[in-house]
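Notes to accompany the following structure.
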Amino acid sequence: MKKQHYYTVMHWGTWQVESREGEIVAVKPVPWDKNPSRIGQSLPDAVTSQTRIRRPAVRAGYLQHGPASREGRGKEPFVEVSWEVATDLLARELRSVKARCGNEAIYGGSYGWASAGRFHHAQSQLHRFLKGFGGYTASTNTYSSAAGERILPHILGPLSPLHRQHTHFSELAGVSAVCRHRRTAAAQCQSTAAAPMTICSSTGWIRCRPTARGLSISVRCAMTSARCPTPSGWPFSRVPIPHCCWP
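Residue numbering for the sequence shown follows our numbering, beginning at 3 and increasing consecutively.
If you want it as structure tokens, here you go:
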């Protein structure tokens with residue numbers, strides 16, 4: 003059967019997917035991506051792995067006796083069902099909870115992190131659906147640091163005033179390496195005694211390491227992007243960094 007090619011876009015770039023008879027046979031980086039992430043090579047496994055959940059499944063006791071059956075939780079097997087059966091069960095339970103306890107008893111807490119863009123982002127779709135159903139109880143921040151971010155302001159106070167009081171960019175510029183665009187920036191670096199300099203020859207970016215003098219000069223900063231190679235030769239990802247212009 004003839005091979006077919008499709009494109010897919012995810013957090014780690016754009017890839018060309020090659021399929022045969024409906025099965026993925028290869029994933030290749032697109033020609034214009036000069037530094038593709040190897041994570042893209044995991045796509046076939048994510049689709050064909052034996053551990054993938056392919057269909058809805060319901061706990062056996064719930065399927066037989068409804069939500070009142072809780073004794074088998076954690077012990078009973080899950081039984082695969084059709085999408086029609088699964089959606090009927092969900093609709094029935096949502097209506098029941100809303101009627102008994104109100105929408106605030108519905109927790110829309112699917113974290114939903116995945117390389118799925120916006121439209122196929124599970125959490126976004128769940129929230130849109132539950133808003134159309136009348137509302138839900140949501141989570142705040144992320145599971146990584148939410149507890150500290152929500153509790154500490156009531157114990158120690160918020161962190162943002164501390165950041166504003168004690169951190170000024172002129173302090174950071176004096177001790178941090180920054181990347182400058184265009185080779186002509188070399189003269190500016192030299193005129194402010196910002197040495198040593200490292201020219202990123204492959205990209206034209208210049209890395210300036212200001213000396214103590216850099217603490218006393220005024221800087222005008224904007225956010226830009228840079229890709230400077232590390233000593234090993236592999237480039238950093240393209241990330242926002244301060245782009246500073248000395249007078």
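The beta carbon of each residue, even a glycine, is placed where N, CA and C say it ideally should be.
Since the model is a prediction, treat every value here as computed from it, not as a measurement.
Does the beta-carbon distance from residue i to residue j come in below 8 Å?
i, j, result
"P58", "V83", "yes"
"G15", "P33", "no"
"Y145", "G110", "no"
"S112", "L128", "yes"
"L45", "V27", "no"
"V49", "L91", "no"
"G134", "N105", "no"
"L96", "V81", "no"
"R130", "N143", "no"
Pick helix, strand or coil for residue i, following the three-state DSSP scheme.
i, result
"K100", "helix"
"T53", "coil"
"W17", "strand"
"E86", "helix"
"Y109", "strand"
"H122", "coil"
"A59", "strand"
"Y9", "strand"
"R72", "coil"
Just reading off the alpha helix (DSSP H) that residue i is part of, what are its end residues?
i, result
"F135", "Run containing F135: none; DSSP gives neither H nor E here."
"R40", "Counting along the chain, R40 falls outside any alpha helix (DSSP H), and DSSP gives it neither H nor E."
"A148", "148-157"
Since I believe residue j is in contact with residue i (beta carbons under 8 Å), could you give me their beta-carbon distance rounded to a whole number of angstroms?
i, j, result
"S21", "Y9", "No, S21 and Y9 are not in contact; Cβ-Cβ is about 12 Å, not under 8 Å."
"E86", "G63", "Not quite, the Cβ-Cβ distance comes to about 21 Å (not below 8 Å), so this is no contact."
"I157", "L132", "The Cβ separation is near 32 Å, so there is no contact."
Quick one: what's got a C-beta closer than 6 Å to residue i's C-beta in the same chain, skipping five residues either side?
i, result
"A197", "Its pLDDT being 39, under 50, A197 is placed unreliably in this model, and the value from its coordinates should be taken loosely. No residues qualify anywhere along the chain."
"A88", "P58"
What residue range does the beta strand (DSSP E) around residue i cover?
i, result
"P31", "25-31"
Excluding sequence positions up to five away, which residues of its chain have a Cβ less than 7 Å from the Cβ of residue i?
i, result
"Q18", "H7, Y9, K30, V32"
Near residue i, what residues of its chain come up, given a Cβ to Cβ distance below 8 Å and the 5 sequence neighbours on each side ignored?
i, result
"K5", "E20, S21, R22, V27"
Using a C-beta cutoff of 8 Å, does residue i count as contacting chain D?
i, result
"W34", "Of the chains in the structure shown, none is chain D; there is only one protein chain."
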